[in-house]
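Numbering (this note's numbering), first residue to last: 30 to 143.
Each residue gets a CB set at the ideal place from its N, CA and C atoms; glycine is no exception.
Quantities reported herein were computed from a predicted structural model and do not represent experimental measurements.
Heads up, the thing below is written out as structure tokens.
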């Protein structure tokens with residue numbers, strides 16, 4: 030939400046595709062549920078009639094979603110990508126699955142998004 034508001038304040042229009050749903054309060058996150066990767070891809074397909082100036086990637090809660098986002102990015106060659114991985118909640122809760130360590134997540138971003 031904050032990213033969309035910042036983009037709007039600069040005169041842009043944010044087209045958001047949720048990749049995860051969180052259960053949280055102002056201090057912490059109690060649950061993270063990935064959005065189905067096929068649904069993420071389907072939402073992106075519907076944006077084909079809109080010129081995309083940049084892509085910002087945030088919380089990716091599982092590998093299937095990461096793979097879907099990589100596919101989406103590769104379908105838009107030349108569009109700048111900002112990777113802003115969410116690895117911890119403000120209250121300290123870990124976002125990615127326990128089996129996916131922060132170094133692994135960073136390595137995936139570098140490998141697949143570049």
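Practice item. Please determine, among 77, 44, 78 and 87, the residue with the shortest C-alpha to C-alpha distance to residue 63. Key: Counting from 1 along the chain shown, the entry for residue 63 is found at position 34. Nearest of 77, 44, 78 and 87 to residue 63, Cα basis: 87.
Check your understanding: Closest by CA to residue 47, which one among 73, 102 and 59?
Key -> Counted from its first residue, the chain shown places residue 47 at position 18. Cα-wise, what sits closest to residue 47 is 73.
Review point. Are the beta-carbon atoms of residue 70 and residue 100 separated by less than 8 Å?
Key: Here residue 70 refers to the residue found at position 41 of the chain shown. Here residue 100 refers to the residue found at position 71 of the chain shown. A contact, by the Cβ cut-off of 8 Å.
Review point. Going by the CB atoms, is the gap between residue 66 and residue 96 shorter than 8 Å?
Key: Reading the chain shown from its first residue, position 67 is the one you call residue 96. Reading the chain shown from its first residue, position 37 is the one you call residue 66. Yes, the pair counts as a contact, with Cβ atoms nearer than the cut-off.
Review point. For the candidate residues 30, 68 and 115, whose alpha-carbon lies nearest to that of residue 94?
Key: Position 65 of the chain shown, counted from the start, is the residue given in the question as residue 94. Nearest C-alpha to residue 94: 68.
Point to revise | C-alpha gap between residue 51 and residue 57, whole angstroms | key: As a working mapping, residue 51 is identified with position 22 in the chain shown. As a working mapping, residue 57 is identified with position 28 in the chain shown. The alpha-carbon atoms of residue 51 and residue 57 are separated by roughly 10 Å.
Point to revise | Selection from 37, 44 and 30 that minimises the alpha carbon distance to residue 77 | key: Sequence index remark: in the chain shown, residue 77 carries index 48 (1-based). The shortest C-alpha separation from residue 77 is found at 44.
Review point. Is the beta carbon of residue 105 sitting closer than 8 Å to the one on residue 84?
Key: Translated into the one-based positions of the chain shown, residue 105 becomes position 76. Translated into the one-based positions of the chain shown, residue 84 becomes position 55. Their beta carbons are under 8 Å apart, which means residue 105 touches residue 84 by this criterion.
Check your understanding: Which residues in the same chain have their Cβ closer than 6 Å to the Cβ of residue 60, if we skip the five residues on either side of it in sequence?
Key -> Here the question's residue 60 lines up with position 31 in the chain shown. Counting only Cβ-Cβ distances below 6 Å, and skipping sequence neighbours, we find 52.
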